[in-house]
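First the structure, in the form of structure tokens, and then the observations on it.
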Amino acid sequence: MNICYQADADLNQAIVTGVLRRESAIDFQTAFTAGLKGVKDPEVLAIAAKQGRILVSHDRKTMPSEFAEFIANNQSSGVIIVSRKLAIEVVIEELLIIWSASSAEEWVDRIAKLPL
1 MNICYQADAD LNQAIVTGVL RRESAIDFQT AFTAGLKGVK DPEVLAIAAK QGRILVSHDR
61 KTMPSEFAEF IANNQSSGVI IVSRKLAIEV VIEELLIIWS ASSAEEWVDR IAKLPL
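Structure below.
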């Protein structure tokens, strides 16, 4: 199954735009489209999981612990944590590589930080 991404509300929109410009076939839903503004991490994880989307977030502080709690009782489609210090071009390239070289099943209950 193909990978689908969900942008967290804190993710730089330029990343979503850049990924979609490079590969329009990628299903990358914005936080605005998903209505995630002001939504707490556990609910964001639940929304992404329900839709089968890997959550892409800048939240290095709380998301890893929220993810660990979430997968204790639920199945997640995965989380990718992106450092704000990483160049946007590098983030875009890494997300494209993940999309083209892996399957959604490989990301179930997995969390990773970019760069891989």
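Residue numbers (UniProt numbering): 1 to 116.
Built from N, CA and C at the ideal position, the CB exists for glycine as well.
DSSP state of residue i mapped onto helix, strand, coil
i, result
"residue 39", "coil"
"residue 113", "strand"
"residue 90", "helix"
"residue 97", "helix"
"residue 75", "coil"
"residue 7", "strand"
"residue 13", "helix"
"residue 26", "coil"
Neighbour-count burial assignment, residue i, 16 or more Cβ in a 10 Å radius
i, result
"residue 32", "exposed"
"residue 92", "buried"
"residue 6", "buried"
"residue 97", "exposed"
Beta-bridge partners of residue i, as assigned by DSSP
i, result
"residue 67", "For residue 67, which the question treats as bridged, DSSP gives no partner whatsoever."
"residue 82", "114"
"residue 19", "Residue 19 pairs with nothing; no bridge assigned."
Alpha-carbon to alpha-carbon, residue j and residue i
i, j, result
"residue 38", "residue 44", "10 Å"
"residue 61", "residue 82", "12 Å"
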